[in-house]
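Per numbering that gives the first Met the number 0, the very first residue in the sequence shown carries number 0; after that it's consecutive.
Beta carbons are placed, not taken as given, at the ideal position from N, Cα and C, and that holds for glycine.
What follows is a short report on a single structure.
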Amino acid sequence: MYQRREITTQERLQQEQFCEKIKSLIAHRSHYALVDTYGCQQNESDSEILRGWLVQCGYELTNDEDKADLIAVNTCAVREHAEKRVLGNVGALNHKKAKNPELIVCVGGCMTQQPVMREKIKNSYQVVDLVFGPHEVWQFPELLLKTMERRGRRGNKSRLIAAEPSEGVVAEGLPRERDSQVKAWLAIMNGCDNFCSYCIVPYVRGRERSRRPADILAEAKALVAAGYKDITLLGQNVNSYGKGLEEDVDFPDLLAEIDKIPGDYVLRFMTSHPKDATEKLFKVMAESQHCAHHIHLPLQSGSDRILKEMNRHYDRAKYLEKVAAARKYMPDLVLTTDIIVGFPGETEINFEDTLSLVEEVKYDAMFTFIFSPRTGTPAAAMPDPVSRAEKQVWFDKLLDLSNRISGEKHAAYVGKTFRVLVDGETGQAPYNLSSRTKGGRLVHLAGDPSLVGQFMDVKITDSTTWALYGELA
Ligand code: SAH
Ligand code: SF4
Ligand code: F3S
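Quick look at the structure:
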């Protein structure tokens, strides 16, 4: 049975004491730590906390594997491809450990939350010293200290496999080393209760739980005060924010509250499930000062039968209604989506329903995936007669369509001027800077690196399928 569990200040302070202990253990020389992240923004956000803990433990951060005394891999389980990459890279760490037996290897994230995978790592990846799940990020210092204390013991006793089903954790006040000084993640909730039939996330991330609005608002205020210009609210399904809280608040209410924080910044969010995207949300977005007019509204399929099998709780007509409503409130809306090709039992006719819906909606960008069976999900047990080769043909067809539409959408930007946020350097002349429109489209620019972190007016001069090119206006 699910129980929300808020980590107490006492428990957090205890973790900070573990940090002090680790600090004294590694104080005799500089120690370096590397955190490698796979998967979604939620994982990026968790990795920032891991880095925060590591810095508090006395580590310096590095991107150089050869220099690292500790490597933490934050994994993703959403598709088999992601898991294979992780296992390949973890296996390759054997060489590093042979050279440096002191190296500590930690594997965390969604993959480790699956019992099968935990066993696999335990039995076949001896290089790994510590396995921990997404629910244990808050107590990483304790687990790391235990791992250090176990070193030198024989065989499996030297290793710590900690990932447990502790599903309802909500932790505030954890340290965080942010990747960027311009863009910030702000996790507003964790977990997912939707159980789409193909998806592993609800099993590995646990039940949906929201942070309290006061905590989120305080963090948002601190980010704006610290000069962040682009804040992305994160959740697997932000539209169900607020369920189970004592406070009477839903996602549009939260968005409207954050929007009141004065300052020059853009507010984004990821991801909204179409079934819970309401007119109230579109209205708040349209009326807000800071909110990007961008929605990522994962479609998954354009076929009513497949949507039902996927347990998505909307059909084609309902989805199109939501898109029309969103565009009514925001005529300049940027719309992006996710689509799965080759769900078990999908036929060519079902697939063509997806093509026709895509053609009708005309997404600015799409993320397309071939169905990957995930052990333990209902879809993994459904008959799946279509060959991989045929699914690939469908996939390529969808990609061609998506590229054509994105190309056309991008071409329409040329000649117009937009206010963009310069968010980084590309390292590639002549377009040495990258920036984003308020709707989130990528614009390459030439300009002085000191512009990073500033809003600039840019005239779009050229476009491709994937990006826009511009000059300072
Ligand atoms: N919570 C988000 C999505 C998280 S996973 C949402 O519901 O929108 C990101 C995307 O991965 C999904 O939208 C889906 O398109 C894809 N995906 C998830 N499980 C998959 C699977 N088993 N095979 C292929 N793609 C999958
Ligand atoms: Fe997965 Fe569906 Fe939850 Fe998204 S809403 S994380 S696709 S179960
Ligand atoms: Fe992957 Fe976990 Fe995110 S499975 S997509 S990292 S929630």
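Bounds of the beta strand (DSSP E) holding F366 are A364 to I369.
Taking a C-beta distance under 9 Å as the contact criterion, L467 and V413 qualify as a contact pair. Here D249 is buried: its Cβ has 16 or more other Cβ atoms, across all protein chains shown, within 10 Å. At a cut-off of 8 Å, the beta-carbon of N236 counts as near ligand 1: some heavy atom of the ligand is closer than that. Taking 8 Å as the cut-off, one finds at least one heavy atom of ligand 1 near enough to the beta carbon of T376. Less than 9 Å separates the beta-carbon of N88 from that of V72.
Assignment of I348 by DSSP, reduced to helix, strand and coil, places it in the helix class. Nearest in C-alpha terms to E64, of all of P382, E141, H293 and L102, is L102. Within its own chain, the residues whose Cβ lies closer than 8 Å to the Cβ of L244, once the five positions on either side in sequence are excluded, are S209, R211 and P212, listed in chain order. The closest heavy atom of ligand 3 lies 8 Å or more from the beta carbon of N431. As DSSP reads the structure, T425 sits in no beta bridge. Checking the DSSP bridge columns, you'll see I160 partnered with V130. Short of 6 Å from the beta carbon of T270, and not among the five residues preceding or following it, lie these beta carbons of its own chain, in chain order: H295.
It is roughly 44 Å from the alpha-carbon of E19 to the alpha-carbon of M455. The beta carbon of V200 sits closer than 8 Å to at least one heavy atom of ligand 2. The alpha-carbon of A183 is positioned some 18 Å away from that of E256. With a cutoff of 8 Å, D192 does not count as near ligand 1, since its C-beta is closer than that to no heavy atom of the ligand. Taking K327 as reference, the option from F366, A285, R84 and A364 with the minimal CA-CA separation is A285. Rounded to whole angstroms, the separation of the alpha carbons of T376 and K396 is 27 Å. Buried is the label assigned to I48, since at least 16 other Cβ atoms lie within 10 Å of its Cβ.
Contact between S405 and D422 is absent: CB atoms are separated by about 20 Å, not below the 8 Å threshold.
Taking a C-beta distance under 9 Å as the contact criterion, G90 and V126 qualify as a contact pair.
Distances from the CA of V333 to each of L12, A411, Q9 and I215 were compared; the closest alpha carbon is that of A411. Look at V442: its beta carbon is at least 8 Å from all of the heavy atoms in ligand 3.
Restricted to the stretch 302 to 341, the beta strand (DSSP E) segments that are unbroken, complete and at least 3 residues in length are 333 to 340, listed in chain order. Counted as a single uninterrupted DSSP element, the alpha helix (DSSP H) harbouring L143 occupies residues F139 to R149.
For the pair A186 and I260, the Cα-to-Cα distance works out to about 17 Å.
Between T277 and N236, the CB-CB gap reaches or exceeds 9 Å.
Looking at the DSSP output, L33 bridges to I70. Y430 and E148 have their C-alpha atoms roughly 50 Å apart. In the DSSP assignment, R418 is bridged to D456. In this model, R117 and D35 are separated by some 18 Å (Cα to Cα).
With fewer than 16 other Cβ atoms from the protein chains shown falling within 10 Å of its own Cβ, E163 counts as exposed.
Taking non-hydrogen atoms of ligand 2 into account, the C-beta of C195 is found less than 8 Å away from one of them. With contact defined as three or more Cβ pairs closer than 8 Å, the stretch 370 to 386 and the stretch 190 to 205 are in contact.
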